[in-house]
Amino acid sequence: MSKSLVLFALLLCLSVTSFSQQTATHTNALVDYNKAVELYNNNQFLAAQSLFAKVKGNTSEITIEGDCAYYIANCAVRLNQQDADQLMEEFVEEYPTSIKRNDAYINVANYYFENGKYSYARKWYDKVDEASLPRSEREKFYFNNGYAYFKNKRYEEAKKYFNRVNTSETYGSQAKYYLGFIAYEGDNYTEANTLFEEVKGDERYNEGLSYYQADMNFKLGKFQKAIDLGKEQFDTSSPMEKSELSKIIGESYFNLGQYAEAIPYLREYKGKRGRWNNTDYYQLGYAYYKQGDYQSAIGEFNKIIDGNDAVAQNAYYHLAESYLELDQKQQALNAFKNASEMDFSAEIQEDAYLNYAKLSYEIGNSYQSTPQILLGFMETYPKNPNNDALKDLLIDSYITSKNYKGAMELLENNKNFENKLAYQKVAFYRGVELYSQGNYSEAIAMFNKSLKEPRDTTFTARATYWKAESGFQLNNFEEALIGYKQFMQLPSASQTPEWENSTYNLAYNEFKLKKYPEAITHFKGYLENTTSNGARVKDAYVRLGDSYFVTSQYWPAMENYNKALELGTPDKDYASFQKAISYGFVDRTPQKIEGLQDFVNQFTNSIYRDDALYELGNTYLGQEQTAEALRTYDKLISQMPKSSYVAKTLMKKALVFDNSGKSNEALNIFKRVARDFPSTPEALQAVTSAKLIYIDQGRVNEYAKWIQGLDYVQVEDAELDDATYKAAEQPYLENNTGQAITRFENYLQQFPNGQHALQAHFYLGQLYFTEVNKTKAIPHFEFVVSKERNEFTEQALARISEVYLGQKDYNNALTYLARLETEADFPQNIIFAQTNSMKASYELQQYAQAVTYAEKVLKNEKIDNTIKSDAQIIIARSAIKTGDEDKAKTAYAEVSKIATGALAAEALYYDAYFKNKAQQYEASNVSVQALAKDYSGYKEFGAKGLVLMAKNFYALGDAYQATYILESVIQNFTDYPEIVNEAKAELSLIKNTEAKTNASVETDKN
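If you want it as structure tokens, here you go:
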């Protein structure tokens, strides 16, 4: 064999061997590939993916490699592997000529579609080459594309694809259903209805179609058709669909005016996500309202919170009418006010405003004064036919609202509406209000305004009387006298409530003017014409006795003191003392002594006890019963060492000793008086008397030595001292204030310890007290009260206390008030000390001490109602501050019996407060309504009462009333930030709770 043949044979052998090897490898790859495909088709994606990866790594065939990459990516998609999309993208990029490229897109898209991942599906459907798809797959592609767009609410794109298959045998019904739904969502109900009718026979859509068609007919205003369609599927619907159908059927009946039929369906509705909105509550409430079931109507209407649209305005108006039907006027007032503040319906707004004005007149209003509301309505609606009637209400509202200050401002500042009669009445009532507050000068000014409009003779008479009363309180007795007499001469006076006590007041005023004969006449006239046995009658007998006493008619004086004692006068100690004294003036000395002895034994704590002892000692002395006199004097000195009579009593004893030859005993007493009561008239007299004894005993040197120790006695300057003092006293007596001040200051500068220093300091204090700068009075009164008890001590204590109280220096005030309480002889000063100690202690937050003083005040039978209410209010407020609400409740109940004005408003508020605490919510609201009706002028308590009322209403299940009232407080009472903050907190709490069931409620985002 030739070499060439051998070489050919060798090459042929090698070629066959190599081909055989390649064939075997290819065969093995195909086996694995086919096995992987089988695993893929059996949904064993993980095993298939692993085998495809192995094949891909071992094959050199580009086709098999590309197919493997395709399947690996498909498996990743189906296994939800994170790199699935990346693998598919790599397949497309690396094998651009693969015939599986389009299949990859469509398969992945279909896979995501079938698993409900429509956004993922959309991404891959967009990559598909529609032209390369076989006809058999195009309809599915179109439908799936449309449905994916539909699920993403991209309805315009969805319509494009659904329209391509709306005639398809396979997808046509589905496409029409979804096209109908798209038309329904776009409010194209005619098209939607047509499409739904075409698929109505398809059982797959019957249930949904029934709801949509019912809803569409409802929205097209075909209410009966909506009812019929809704009822067809009602019983077989799911709970969610039944809720929606209930709303459609119920609202359709509502729109047809068939409210009885609407109610059960409207009630069946469950709301969106379990929550209703304001319209839902309104429809059910209005249906109840039209059926006359007002309580149920209220139960729905009052759930409408934060409403600010036509539905809310209508609801609030009918809510108000429902309240009126059930005689719940306060609730109706709030609802009418709310409706009147909305302008969605002008007719409702005007009528609501009218009803709000009428109710404000009837029951009162805490938000603003009733006159302002009535005037506001008339100005807003000048052509309203009810305005003439409202003008009559306006006149009365000035009185019934008791907001006299606001009414006066309104009448004086509103030139478009003048009513002289109303002005006269309101000015009068405002004057009485100011009088009750102790503002007597302002009260007189107001009574003068009333008298300038003498329209009603009764009110003219009453204003005349109260003007006189105010003058009396200001100690303008001459002016008061004229006023009382004018009143009693007016024809209408006898028809007024003031007439009964006018003669008594006239008599008392004459008594103050020391016109005792006239006082006697009028006190007698009063007692002869009254049938009362009250405090005023008892006092009239005492003052009649005093009038007779002062005019030396002692027997009649004693008769009247006896009558007062028989009636149980609270001044029984005073009457008894005066009666005993009177016996002395009719030469019945034994009876006088007996009377004074009885007094001393009976009235051990009387402020007149020292007077009685001093007078008894003097009487004994006058009867030459010296031993009894001295025993009586000693009793006064030992038992009442702070009495103003001690210095006088010591002088009496000293004179007894001196006259009986016991000069040394007398001298010791004179020296004691000079030492213990410096600068007093008694001390100066004691020095003079002691001087005589020293001279008589020839001990002049001792006198001179002794006198040097008395800094208020300067013998060499005595005449100059006396002359300088008298030069100052003279202008003081003549009311020449400026000159008196200058001369008294000059006197004290020359004689700081002069014999008249005490008087000079007191008079200077009095002069400065009456000036604007009362502070200058303090050092002068302090000088007086720093000395031993003297004739000026009591008044100086009262004055200095008053100055410190005016400066709100309560600590210093309490120091002097404590002394005044124990050292005063006059009952009015004791009452002054106790009442102001009570108030000062309260201001210093010394609540226990304040209560102690208040209880002392209340034990005094002679105090008037104003002081009683002050004491009770201190007890009540102190109890509130210390958390003793039981005690506060009792005290406020007592206040309410006698208080007027602001204190009465405060007591009424706390009455409501304690009833709220006791969960007596309706009773609490009654008290708040009374507060609004009778005390609307006291805004702070009005606002506090409204917050309380809101809490009451919410506890009673009326969320609307609660929220509206709180919102009104926040809007109308910005002057009271603490109350507004409380209202805001309560409102936030309520809204957050109500938002859980009412989707229309806006909660506090903070």
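Under mature numbering (1 follows the signal peptide of the UniProt record, and there is no 0), the letters of the sequence shown match residues -20 to -1, 1 to 986, in that order. Every residue gets a Cβ at the ideal spot worked out from N, C-alpha and C, and that includes glycine.
What first and last residue would you give for the alpha helix (DSSP H) that runs through residue i?
i: Pro114; result: No alpha helix (DSSP H) contains Pro114, which DSSP labels as neither H nor E.
i: Asp47; result: 42 to 58
i: His760; result: 758 to 766
i: His741; result: 737 to 750
i: Glu398; result: Taken as a continuous stretch (DSSP letters only), Glu398 belongs to no alpha helix (DSSP H), as it is neither H nor E.
i: Ala634; result: 626 to 639
i: Gly251; result: Here Gly251 belongs to no alpha helix (DSSP H), and DSSP marks it neither H nor E.
i: Met68; result: 64 to 74
i: Ser346; result: Segment: none, Ser346 is in no alpha helix (DSSP H) and carries neither H nor E.
i: Ile375; result: 367 to 380
i: Ser302; result: 290 to 305
Just how far apart, CA to CA, sit residue i and residue j?
i: Asp331; j: Ala828; result: 55 Å
i: Ile878; j: Gln852; result: 10 Å
i: Gly678; j: Ser669; result: 14 Å
i: Leu747; j: Ile721; result: 7 Å
i: Gly451; j: Pro536; result: 31 Å
i: Ala663; j: Tyr705; result: 17 Å
i: Lys283; j: Asn258; result: 8 Å
i: Ala295; j: Leu339; result: 19 Å
i: Lys985; j: Ala425; result: Low local confidence applies: a pLDDT of 48 at Lys985 is under 50, so the model's placement there is unreliable, with the coordinate-based value given in what follows. Each residue's Cα considered, the two are about 53 Å apart.
i: Leu246; j: Glu327; result: 28 Å
i: Gly564; j: Ala707; result: 40 Å
i: Phe749; j: Ala757; result: 6 Å
i: Glu886; j: Lys867; result: 16 Å
i: Asn485; j: Gln826; result: 39 Å
i: Met322; j: Ala402; result: 32 Å
i: Asp208; j: Ala194; result: 8 Å
i: Ala873; j: Lys754; result: 39 Å
i: Thr606; j: Ala487; result: 43 Å
i: Ala555; j: Gly525; result: 8 Å
i: Lys924; j: Glu962; result: 9 Å
i: Ala903; j: Gln775; result: 50 Å
i: Leu794; j: Ile780; result: 11 Å
i: residue 987; j: Tyr85; result: No answer is possible for residue 987: the residues shown for the chain start at -20 and end at 986.
Based on DSSP bridge pairs, tell me the residues matched to residue i.
i: Trp256; result: Asn978
Would a C-beta distance cut-off of 8 Å place residue i and residue j closer than the cut-off?
i: Ser346; j: Ala912; result: yes
i: Ile970; j: Tyr934; result: yes
i: Asp844; j: Thr815; result: no
i: Glu714; j: Leu744; result: no
i: Gly917; j: Lys400; result: no
i: Ser302; j: Tyr261; result: no
i: Ala28; j: Ala16; result: yes
i: Leu461; j: Asn489; result: yes
i: Ala49; j: Tyr13; result: no
i: Phe123; j: Leu113; result: no
i: Tyr796; j: Leu777; result: yes
i: Ala172; j: Ala163; result: yes
i: Ala634; j: Phe650; result: yes
i: Gly922; j: Ser416; result: no
Less than 8 Å between CB atoms is the rule here; does residue i satisfy it with respect to chain B?
i: Thr722; result: Considering every chain present, this structure includes no chain B. It has just one protein chain.
Check: Does the stretch 892 to 904 come close enough to the stretch 355 to 366 to have 3 or more Cβ pairs within less than 8 Å?
Finding: Contact between the stretch 892 to 904 and the stretch 355 to 366 is absent: fewer than three C-beta pairs spanning the two stretches fall below 8 Å.
Notebook entry, point to check: When the Cβ atoms of the stretch 767 to 774 are set against those of the stretch 783 to 798, are three or more pairs found closer than 8 Å?
Noted result: The stretch 767 to 774, when compared against the stretch 783 to 798, does not touch it at the 8 Å Cβ threshold.
Check: Touching or not, the stretch 801 to 821 and the stretch 695 to 715, by the rule of three or more beta carbon pairs under 8 Å?
Finding: Flag = no, the stretch 801 to 821 and the stretch 695 to 715 do not touch.
Checklist line | Stretch-stretch touch, CB-based, cutoff 8 Å, three pairs: the stretch 498 to 512 with the stretch 469 to 478 | finding: Contact fails between the stretch 498 to 512 and the stretch 469 to 478, because fewer than three Cβ pairs, one in each stretch, are under 8 Å apart.
Note to self: Under 8 Å: do the stretch 514 to 522 and the stretch 540 to 552 share three or more Cβ pairs, one atom per stretch?
What the structure shows: Result yes; three or more Cβ-Cβ pairs closer than 8 Å.
Note to self: I'd like to know if the stretch 971 to 982 and the stretch 367 to 380 are in contact, where contact means that at least 3 CB-CB pairs between them fall below 8 Å.
What the structure shows: No: fewer than three Cβ pairs fall under 8 Å.
Note to self: Whether or not the stretch 557 to 575 and the stretch 588 to 598 are in contact is what I'm after, with contact meaning three or more pairs of Cβ atoms, one per stretch, closer than 8 Å; do they touch?
What the structure shows: Three or more beta-carbon pairs separated by less than 8 Å link the stretch 588 to 598 to the stretch 557 to 575, which places the two stretches in contact.
Item checked: the stretch 529 to 546 in contact with the stretch 573 to 585 per 3-pair CB rule at 8 Å -> Remark: fewer than three beta-carbon pairs, one from each stretch, lie closer than 8 Å, so the stretch 529 to 546 and the stretch 573 to 585 are not flagged as touching.
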